Structure formats: C-alpha cells, structure tokens
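Enquirer: Got a structure here, written out as structure tokens. Questions coming.
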C-alpha cells in the first residue's frame, strides 16, 4: 500500500494563478481532509469529506475548493492564489468514526509558496 | 467547537532524561479520542500514541506514555529515556464525531 500520496511536493505560484494539489489514498478510507500548517498555528482544517460526493468546510475554507468524485481522490483547488496561502498543505485520510481506528493517516505534505 | 491547548511552545530535555508535554482540551462530547503526533524536520506526521476517552487506563507505547485526566480535560505526554531522535514538534489532537482538532504544537529539543 502506498498510503496517502500528495503531489507535488513543492510548488511556487504567482499571485492570481490557480492550481490543484492532488491527494490519493489506497486504504479505502471514507474520511479525507486537507490541512494547512503555518508557523505557530498548528494544523488547521481547510475542507473535509466523509465520503464520495460529500464535502464540508473546515476552519479556514476561503480561497479553496474541493470535490470528491471517488473514494480514492480528494483534490484541493486554489482558485486565485494569494501570498496568504503560502503554507505547507497536508492531506489525510481515516476510516469513518466507529469503523476501525480513528487515526488519520497523513500524506508527506506540499510546500506552497505564493509570490 | 472543540479546542486544544498546548501551553509550552518549546521544551528542552537531556538525553536519557524524562520530559512531560502538556495538553488540555475543551469538549462537550462524551465519546472521543486523543492523540499525540510527532513531526520531525522531514515534515511527516507520525502518530505517537492514542487514548480512547472511555478507557480509564493510560495508554503506553514503549518509552511514551500519557497521563489522561478526563475530568480535568488534560492529556499530557511523558517521554522517558529521551533520545536525540525524539527531537521534533509534538502536536496534541482531539477527535470526536466530527473533525480532528490540533493544538499549536510543542517543539522538543534534546541535548546530548
């Protein structure tokens, strides 16, 4: 099993550009989520999904879109990049609450810089 | 909404010594999990230990153990016989029926 994979590992964008961060998992997990990590702020939830076709907002959703067409994939789209979106982004997955362990499995992260 | 507080931005310990990292949380849920994650310079998030709220017994994983005080909503991590490889950022996290909430982290420095 590859676990949770994220691409790219590093990305530099100019203000106003759009891009998609890819996330995939091969553990058949129902729950997937995106976090951003900023210095001194811990990990903050951007968006999450409890299954294919179902998404919801987290703590910091503005400027980001998600969709979940399959169980395996959960891409994060930046519509018009801003310097405030410079961060490290983590994707995570876990089984649904109550079905197996609740631990979230994290991808390796994407470091995004917006200039 | 649940909140997780780590009041120690940074802690230092010498090799072979013991260190305790603090975490408190706030929730109205009765059924939940608590976690400690380790993040080394590689950035990978590594699960260190987990605790189910309904279990009174404190979780232990080798040199890592927790002191779970449910009434006080406290969940501290004790690292015994500290090693240089323990140096990392440590995050406390809470998961109830909804999402996973993280504290802001404690940087652990280990000196020879």
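Chains as they are written, first to last, in our numbering: chain A, -12 to 102; chain B, 1487 to 1598. We put the beta carbon where it would ideally sit given N, CA and C, even for glycine. Here the structure is a predicted model, which is why all the values come from computation and not from measurement.
(1) Taking contact to mean 3 or more Cβ pairs, one atom from each stretch, closer than 8 Å, check whether the region 47 to 63 of chain A and the region -5 to 4 of chain A are in contact.
(2) For residue 89 of chain A and residue 1506 of chain B, I'd like the C-alpha separation in whole angstroms.
(3) Residues in the region 1530 to 1543 of chain B with C-beta within 7 Å of chain A's C-beta atoms, listed in sequence order?
(4) Are the CB atoms of residue 29 of chain A and residue 1577 of chain B nearer to each other than 9 Å?
(5) Please list the terminal residues of the continuous beta strand (DSSP E) segment that includes residue 1581 of chain B.
(6) Using the C-alpha atoms, what's the distance from residue 1497 of chain B back to residue -8 of chain A?
(7) By how many angstroms is the C-alpha of residue 1499 of chain B removed from the C-alpha of residue 82 of chain A?
(8) Note the first and the last residue of the continuous beta strand (DSSP E) segment covering residue 0 of chain A.
(9) Can you name, in chain order, every residue of its own chain whose Cβ lies under 8 Å from the Cβ of residue 102 of chain A, other than the five neighbours on each side?
(10) Could you check what DSSP says for residue 72 of chain A in three-state terms: helix, strand or coil?
(11) What are the residues of the region 1581 to 1598 of chain B that lie near chain A, defined by any Cβ-Cβ distance shorter than 7 Å?
(12) Please classify residue 11 of chain A as buried or exposed, where buried requires at least 16 neighbouring CB atoms within 10 angstroms.
(13) Chain B beta carbons: is any one of them nearer than 9 Å to that of residue 91 of chain A?
(14) Mind listing the chain B neighbours of residue -5 of chain A? Cutoff is C-beta to C-beta under 8 Å, in chain order.
(15) Pull the bridge partners of residue 1538 of chain B from the DSSP assignment, please.
(16) Starting from residue 30 of chain A, follow the beta strand (DSSP E) in both directions and report where the run begins and ends.
(17) Quick one: which residues of the region 27 to 38 of chain A get their C-beta closer than 7 Å to a C-beta of chain B? List them in chain order.
(18) When the Cα atoms are used, what is the spatial distance from residue 1596 of chain B to residue 74 of chain A?
(19) Could you give the distance in angstroms between the alpha-carbon of residue 72 of chain A and the alpha-carbon of residue 34 of chain A?
(20) Looking at the unbroken beta strand (DSSP E) that takes in residue 1507 of chain B, where does it start and where does it end?
(21) Can you find a CB in chain A that lies within less than 9 Å of the CB of residue 1550 of chain B?
(22) Taking 8 Å as the cut-off, does the region 94 to 101 of chain A touch the region 1566 to 1586 of chain B (at least 3 CB pairs, one atom from each stretch)?
Expert: This is what the structure gives:
(1) no
(2) Rounded to whole angstroms, residue 89 of chain A and residue 1506 of chain B show a C-alpha spacing of 24 Å.
(3) 1530, 1531, 1533, 1536
(4) yes
(5) 1574 to 1581 is the extent of the beta strand (DSSP E) around residue 1581 of chain B.
(6) Spanning the two alpha carbons is a distance of roughly 32 Å.
(7) 36 Å
(8) -3 to 0
(9) -1, 0, 1, 2, 70
(10) helix
(11) 1581, 1583, 1585, 1586, 1588, 1589, 1590, 1591
(12) buried
(13) Residue-level contact check: residue 91 of chain A touches chain B, since one or more beta carbons of chain B fall below 9 Å from its beta carbon.
(14) Per Cβ cutoff of 8 Å: no residues; residue -5 of chain A is ~14 Å from chain B at best.
(15) B:1519
(16) 29 to 38
(17) Of all residues in the region 27 to 38 of chain A, 27, 28, 29, 30, 32, 35 have a Cβ within less than 7 Å of some Cβ in chain B.
(18) When only Cα atoms are considered, residue 1596 of chain B and residue 74 of chain A end up about 27 Å apart.
(19) 14 Å
(20) 1505 to 1507
(21) Answer no: the Cβ-Cβ gap between residue 1550 of chain B and chain A never drops below 9 Å.
(22) Segments in contact, no.
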